[in-house]
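A short worksheet on the structure shown next.
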Amino acid sequence: MSHILRTPATRKLLPRLSTRTYYSYETPLPPPYPPTETAILSAALPHVPTLGWTKLSLRQGARDAGYLDVSTNLFPKAEFELVLYHLRTQRLGLKDRVQFPEEAALGVTSKVRSLIMERLRGNVEVGVQGRWQESTDFKDTEEFLNRRLEEARMVGGAWRNVREWMGFQGIATVNMARNFG
């Protein structure tokens, strides 16, 4: 019986060949979805406030984009793909809406705070959640976010102190063992 050498199927190789292993500011990133899927998902997003994150809004988006209802089979995760599309487009839109000038020398905490607040405002602007924030100009949300970021800073400082203390104790233990032996 002769053994035939087989090469892997080209379908398995194509995803490996098409992924970029580098990043360049001069080369634009590929879009997260192919054009057909982008058309359906972007047409379905306006139906979310009335129909919710459901297959119905996805189906209505396919109809609005000029595709058949069966086109929703392009999405293996069904309605969750609509959620992922919304999150990805909002995240990609942040780079255009929020800019940090080099001369400002902002800290990481203030940058994170700005990004989080702009991201939350994006939900209201798109109309995904109409009554998301009823306080004036997001004041309650900003206060809540400031408290959480301060807690994260305190926990990070405490963890750093504990690690430093453990390091000193470890060195002291090794030195004591050397004295006895």
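When you read off a place in the sequence shown, starting at 1, and then add 843, the result is the number in this note's numbering.
Think of the CB as a built atom: it goes at the ideal place given N, C-alpha and C, for glycine as much as any other residue.
For residue i, count the other beta carbons within 10 Å of its own beta carbon; 16 or more makes it buried, fewer makes it exposed. Which is it?
i       : result
Ile1014 : exposed
Thr870  : exposed
Ala947  : exposed
Val998  : exposed
Thr893  : exposed
Leu935  : exposed
Leu872  : exposed
Tyr928  : buried
Glu994  : exposed
With distances taken Cα to Cα, identify the nearest neighbour of residue i among the options.
i      : options                         : result
Tyr910 : Arg991, Glu880, Val941, Phe981  : Glu880
Gln933 : Leu988, Thr952, Met960          : Met960
Leu917 : Trp1002, Tyr876, His929, Leu888 : Tyr876
Arg931 : Pro874, Glu993, Val1017, Ser914 : Pro874
Ala887 : Pro878, Tyr868, Leu872, Ala908  : Ala908
Thr952 : Ser885, Tyr928, Gly965, Leu988  : Leu988
Ser914 : Pro878, His929, Asp939          : Pro878
Return the first residue and the last residue of the alpha helix (DSSP H) that residue i is part of.
i      : result
Glu993 : 982 to 1023
Asp939 : 922 to 940
Ser914 : Where Ser914 is concerned, there is no enclosing alpha helix (DSSP H), given that its DSSP letter is neither H nor E.
Leu884 : 878 to 887
Pro892 : 891 to 894
Leu901 : 898 to 907
Please return the same chain residues whose Cβ sits closer than 7 Å to the Cβ of residue i, not counting the five positions on each side in sequence.
i      : result
His890 : Ser900, Gln903, Gly904
Trp896 : Glu922, Leu925, Val926
Lys898 : Thr915, Ala921, Glu922
Spatial neighbours of residue i within its chain, please: CB distance less than 8 Å, with the 5 preceding and 5 following residues excluded, ordered by chain position.
i      : result
Leu958 : Leu937, Val941
Phe943 : Leu949, Lys954, Ser957
Leu857 : Residue placement at Leu857 cannot be trusted, given a pLDDT of 49 that sits under 50; what the coordinates show is reported in the next sentence. For Leu857, where only same-chain residues beyond five positions count, there are no Cβ hits under 8 Å.
Leu992 : Thr952, Val955, Arg956
Is it the case that the CB of residue i approaches a heavy atom of the ligand FMN more closely than 7 Å?
i      : result
Phe923 : The model depicted lacks the ligand FMN and carries no ligand whatsoever.
Residues in its own chain within less than 6 Å of residue i by CB, not counting five upstream and five downstream?
i       : result
Gly1000 : none
Ala1020 : none
Does any residue of chain B bring its CB to less than 8 Å from the CB of residue i?
i      : result
Arg902 : Here there is only one protein chain, and chain B is not present.
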